[in-house]
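Visitor:
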Amino acid sequence: MDKKFQPLFEKLKLPNQVVLDNRFVLAPLTHVSSNDDGTISNEEVVYMEQRSKDVGLAISAASNVTDLGKAFPGQPSVAHDSNLEGLKRLAKAMKKNGAKAVVQIHHGGAQSLPNLTPNGDVAAPSPISLKSFGEQEAHDAREITKEEIESTIKAFGEATRRVIEAGFDGVEIHGANHYLIHQFVSPYYNRRNDEWGQDRYKFATSVVDEVTDTVKQYGSKDFIVGYRFSPEEAESPGISMEITKELIELLVEKPLDYLHVSLMDIHSQTREGQYKGKERIKLILEWMNGRMPLIGIGSIFTAEQAIEAIESTGVELVALGREILLDHNFVSKIKDGKEDEILSQFDPQRADKHHLPPKLWEQFNKGFYPLPRTDNK
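Its first residue numbered 1127, the sequence shown is counted upward by one per residue in our numbering.
1. Please return the same chain residues whose Cβ sits closer than 7 Å to the Cβ of lysine 1280, not counting the five positions on each side in sequence.
2. What number of angstroms, rounded off, separates the C-alpha of asparagine 1161 from the C-alpha of phenylalanine 1472?
3. Look at the alpha carbon of glutamate 1276 and the alpha carbon of glycine 1323, and state the distance between them as a whole number of angstroms.
4. Determine the direct distance from the alpha carbon of alanine 1188 to that of serine 1091, and round the result to whole angstroms.
5. Ordered along the chain, which non-local residues of its own chain (more than five positions away) have a Cβ less than 7 Å from that of serine 1356?
6. Could you have a look at histidine 1386 and say whether DSSP puts it in helix, strand or coil?
7. Return the chain-ordered ranges of every alpha helix (DSSP H) run that is complete within the stretch 1413-1489 and spans a minimum of 4 residues.
8. Taking one C-beta from the stretch 1239-1248 and one from the stretch 1214-1231 each time, how about it: are there three or more such pairs within less than 8 Å?
9. How would you write the range of the alpha helix (DSSP H) that aspartate 1339 sits in, first residue to last?
10. Are valine 1144 and isoleucine 1350 closer than 9 Å when you measure CB to CB?
11. Considering only DSSP beta bridges, list what isoleucine 1138 is partnered with.
12. Can you name the residues that DSSP bridges to alanine 1227?
13. Measure the alpha-carbon distance for lysine 1408 versus glutamate 1298 and round it to whole angstroms.
14. Residues in the same chain with beta-carbon distance under 8 Å from glycine 1283, minus the five sequence neighbours each way, listed in chain order, please.
15. Have a look at Arg1448, Phe1131, Pro1419 and flag the residue whose alpha-carbon is nearest the alpha-carbon of isoleucine 1426.
16. Apart from the five residues on each side of it in sequence, which residues of its chain come closer than 7 Å, Cβ to Cβ, to histidine 1454?
17. Does the separation of the CB atoms of phenylalanine 1494 and proline 1474 fall below 9 Å?
18. Confirm, please, whether the CB-CB distance from alanine 1205 to serine 1238 is below 9 Å.
19. Go ahead and label threonine 1396 buried or exposed: buried means 16 or more other beta carbons lie within 10 angstroms of its beta carbon, across all protein chains shown.
20. Which residues share a DSSP beta bridge with histidine 1157?
21. Kindly identify the DSSP beta-bridge partner or partners of tyrosine 1353.
22. Just the Cα atoms here: how many angstroms apart are lysine 1461 and isoleucine 1421?
23. Between which two residues does the alpha helix (DSSP H) harbouring serine 1277 extend?
24. Quick check on this structure: which residue in Gly1246, Leu1183, Met1414 has the alpha carbon closest to the alpha carbon of asparagine 1223?
25. Leaving out five residues before and five after glycine 1246 in sequence, what residues of the same chain have Cβ atoms less than 7 Å from its Cβ?
26. Between leucine 1486 and histidine 1157, what straight-line distance do the alpha-carbon atoms span, to the nearest angstrom?
27. Mind checking glycine 1424: buried by the 16 CB within 10 Å criterion, or exposed?
28. In its own chain, which residues sit with a C-beta less than 8 Å from the C-beta of leucine 1411, not counting the 5 before and 5 after it?
29. Taking buried to mean at least 16 other C-beta atoms within 10 Å of its own C-beta, is methionine 1220 buried or exposed?
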């Protein structure tokens, strides 16, 4: 291995004293490959084992905690005890080569898909119409009731219990990407006049408290709890960096083991407000003040970009998203001094080249996700 990449392979101790083998993280990636009922499929197990084998921390695809929260076709479920058998297989596969395996627990909120939810029902902090994953027409979301809010918070706890029983090493609370927890924080989605609107952070912190209390009851001190968030949104009025600063100040007081910022570009800059033009990730690290590690992500397709991300921003962990889908040997090639052999472009002529589940390969082929391609489309 070229010694300049050595920092990527240093161990990292989390606040709960768990040690990660290196600084690479498998990002939680929508793979649309679970069975229709949310149980784990055989091809999903193979895919997740491949992507988890070399990273220090592996995070599963967003997994819905209630049937009402299902936002993707082929989405894995942690909503029922009947999901446990498949989850146990997935945990074993993801942990096989030493990675710490984490399940991202999720509720789609307004972005849940009516064709996948019971009776086509969709609920959000406030009524809204929008198009979500793959939809051609907008769907309507009603306002979620106070009773449903309380039961959803408890559902995040129950999902955590199942993740513990299945043998995983942790959970990541999905508070990013315009899903339910994000929606409660956002003034664009949350226009409520009750306590769940007057305190935009109440739902997020209540979920964190429910999850961490569940870990105390059913888990061990080694169980990892992380939280993912989106720092700024284009909608107006939406989440601003000023709101994100307030959220982070609350989260760093919680017994979390890491935060995970969702970005398309790790060097992206603040869009507006008093922090306009400043790199989001550097602001976030400043506000976190070393209280816990931060996972950074965004347009990392080469070994050089990976090391540069850590060295230029100071972020402790770097997540691989689209790139580790293109080449599941990304990490091992760097370690073996073969970084020049990394596949960093999607080849639509070779369905066998990237070792993707068929449904995910088809999404790549259709250009569903922005990424470098050999045909430059």
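Think of the CB as a built atom: it goes at the ideal place given N, C-alpha and C, for glycine as much as any other residue.
Guide: Quick look at the numbers:
1. The answer, listed in chain order, is Glu1336.
2. If you take the alpha carbons of asparagine 1161 and phenylalanine 1472, they lie about 26 Å apart.
3. Distance between glutamate 1276 and glycine 1323, taken at the CA atoms: about 14 Å.
4. Outside the displayed range of the chain (1127 to 1503) lies residue 1091, so it cannot be described from this structure.
5. Excluding positions up to five away in sequence, the list reads Ala1302, Asn1303, His1308, Ile1365, Ser1388.
6. Reduced to three states, the DSSP call for histidine 1386 is strand.
7. The DSSP assignment places 1429-1439, 1448-1452, 1456-1461 as complete runs of the alpha helix (DSSP H) inside the stretch 1413-1489, in order along the chain (cut-off: 4 residues).
8. Because the criterion of three Cβ pairs below 8 Å is not met, the stretch 1239-1248 and the stretch 1214-1231 do not touch.
9. Where aspartate 1339 is concerned, the enclosing alpha helix (DSSP H) stretches over 1328-1344.
10. Result yes, Cβ atoms of valine 1144 and isoleucine 1350 sit closer than 9 Å.
11. The sequence shown places leucine at residue 1138, not isoleucine. Bridge partners of leucine 1138: Leu1146.
12. Alanine 1227 is bridged to Ala1184.
13. So the two alpha carbons sit approximately 22 Å from each other.
14. Excluding its 5 nearest sequence neighbours in each direction, glycine 1283 has C-beta neighbours in its own chain below 8 Å: Glu1336, Val1337, Asp1339, Thr1340, listed in chain order.
15. Comparing C-alpha distances from isoleucine 1426 to each of Arg1448, Phe1131, Pro1419 shows the shortest one belongs to Arg1448.
16. Cβ contact annotation for histidine 1454 (same chain, cutoff 7 Å, sequence separation greater than five): Gln1176, Arg1177, His1481, in chain order.
17. Cβ atoms of phenylalanine 1494 and proline 1474: not closer than 9 Å.
18. Taking 9 Å as the Cβ cut-off, serine 1238 and alanine 1205 do not qualify as a contacting pair.
19. Taking a 10 Å sphere around the C-beta of threonine 1396, we find 16 or more other C-beta atoms and assign the residue as buried.
20. Partner residues in a beta bridge of histidine 1157, as assigned by DSSP, do not exist.
21. Looking at the DSSP assignment, tyrosine 1353 forms a beta bridge with Ile1299, Leu1385.
22. Going by the C-alpha atoms only, they are around 20 Å apart.
23. Per DSSP, serine 1277 belongs to the alpha helix (DSSP H) from 1272-1292.
24. Closest in C-alpha terms to asparagine 1223, from the list Gly1246, Leu1183, Met1414, comes Leu1183.
25. Here the set comprises Pro1240.
26. About 6 Å.
27. It is buried - the Cβ of glycine 1424 has at least 16 other Cβ atoms within 10 Å.
28. Result list for leucine 1411: Leu1420, Thr1439, Gly1440, Val1441, in chain order.
29. So methionine 1220 ends up on the buried side.
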